[in-house]
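Read through the structure below, which is laid out as structure tokens, and then see the notes.
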Amino acid sequence: MEVNEQARCRELAKSSSFYRVVYSEIEEVGWEHLVRLGGDLTFLSFRVLDKKGRVHILEIQLNKAYPKVPPMVSADVPYIFNFKWSMNSRLKILVQQFQEHLEKLQEFWSTLDEIDRSLWVVGTVQASRAMSSRQIHIGNDCLIMLSIDINGPRSLPECRFMGTGTTMDSLRKAWKRNSNRWMRDKPFSENLEYLLKTQLPRPPDAEKNNNLVECGICYAQYLPIGDDIGPEGGSGSGTDYTCENSSCSHSMFCSAIVRTVQSQLQSNSMPQRIRDRMSPYPRSEADSSSLENLALRRKGL
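For the sequence shown, this note's numbering gives the first residue as 1, with consecutive numbering after it.
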């Protein structure tokens, strides 16, 4: 959260007890974890990491009678937690209860991550963490819909077959015949192939997708083509330039470099926070010069 937001909140804290309470409790959680803060401080969200390093956003809505009235919370999770609240409770305690809730869901998310890595999952480039199902491509224009048990993710999932023909019929029969042979301690894909008695296709372009990185300037993974942003539309290309400075080595879009250099050439009055956004890593004058030369070459100038 930017310093000016912290300063604004500090000024508001002087005007009422509600603002003072919210300001002090944000300080307890840590300003570095604050993602958004509403103008009247009744809405705020915190970034929370789980033990696997997954990022979660906890959104909190406050009543002006807070803390007498409990806050309302929302998050991208399969089900929201029943938090304990009293007049003495604070936002820090709420965040801690959310972290405890995340720990209960670790095996569930790890199972879904395993499915995403090892099988050809359809339509979930950036799936919601609240989703408990996956559509798996199994070849011959056939799909299966797997519904994972949130409380027992290693158990036999519910399976719905989508497709027609003899291949699908034989897979349905194999599932019914072998479903009692599912083993919780086996990898998910191995279990699935054992029950269906067939080898399932692996994710297409898995290596390419795993190596895809964000642009060091605009932070996008895909370069937009036309009105499509990608990857949902299946369009867009990855970064096409890597900084030659060994202490940096950021990947970037050449088009992003061109836009940045042109903007800097046109105006020297750019606010510092925008400069920081456009230049997310320290550069020497020589580095900047090499980027400008690259940009000019790309533009044919």
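Note that the Cβ used here is the ideal one computed from N, Cα and C, for glycine as well.
Asked: Determine whether the beta carbon atoms of histidine 56 and valine 77 lie at a separation below 9 angstroms.; Found: yes
Asked: For arginine 154, does the three-state DSSP call read helix, strand or coil?; Found: coil
Asked: Going by the DSSP bridge assignment, what does arginine 47 pair with across the sheet?; Found: Ile57
Asked: What is the DSSP secondary structure of arginine 177, counted as helix, strand or coil?; Found: helix
Asked: Give the secondary structure of arginine 184 by DSSP, where H, G and I count as helix, E and B as strand, and everything else as coil.; Found: coil
Asked: So valine 73 and isoleucine 60 are in contact, right, with Cβ under 8 angstroms, and what is the actual spacing, rounded?; Found: 6 angstroms
Asked: Let me know if leucine 91 comes out buried or exposed under the rule of 16 or more other beta-carbons within 10 Å of its beta-carbon.; Found: buried
Asked: Rounded to whole angstroms, how far is the Cβ of phenylalanine 98 from the Cβ of tyrosine 66, which I believe are closer than 8 angstroms?; Found: Between tyrosine 66 and phenylalanine 98 the Cβ distance is about 17 angstroms, and since that is not below 8 angstroms, they are no contact.
Asked: Is it right to say serine 269 is buried, meaning 16 or more other beta carbons lie within 10 angstroms of its own, or is it exposed?; Found: Confidence in serine 269 is poor, its pLDDT being 46 and thus under 50, which makes the residue's placement too unreliable to answer from.
Asked: Kindly indicate which residue of Leu143, Asp116 and Val22 has the alpha-carbon position closest to the one of methionine 131.; Found: Asp116
Asked: Would you report the Cα separation of glutamate 232 and glutamate 25, rounded to the nearest angstrom?; Found: Caution is warranted here: a pLDDT of 40 is assigned to glutamate 232, below 50, making its placement in the model unreliable, and no coordinate value can be reported.
Asked: For arginine 312, list the residues DSSP reports as bridge partners.; Found: There is simply no residue 312 to check, as the chain begins at 1 and stops at 301 in what is shown.
Asked: By the DSSP assignment, the alpha helix (DSSP H) with arginine 117 in it spans what residues?; Found: 106-118
Asked: Below 8 angstroms on the Cβ atoms is my contact criterion, and I expect proline 153 with phenylalanine 81 to pass it. Report the Cβ-Cβ distance as a whole number of Å.; Found: Contact flag wrong, Cβ pair sits at about 17 angstroms.
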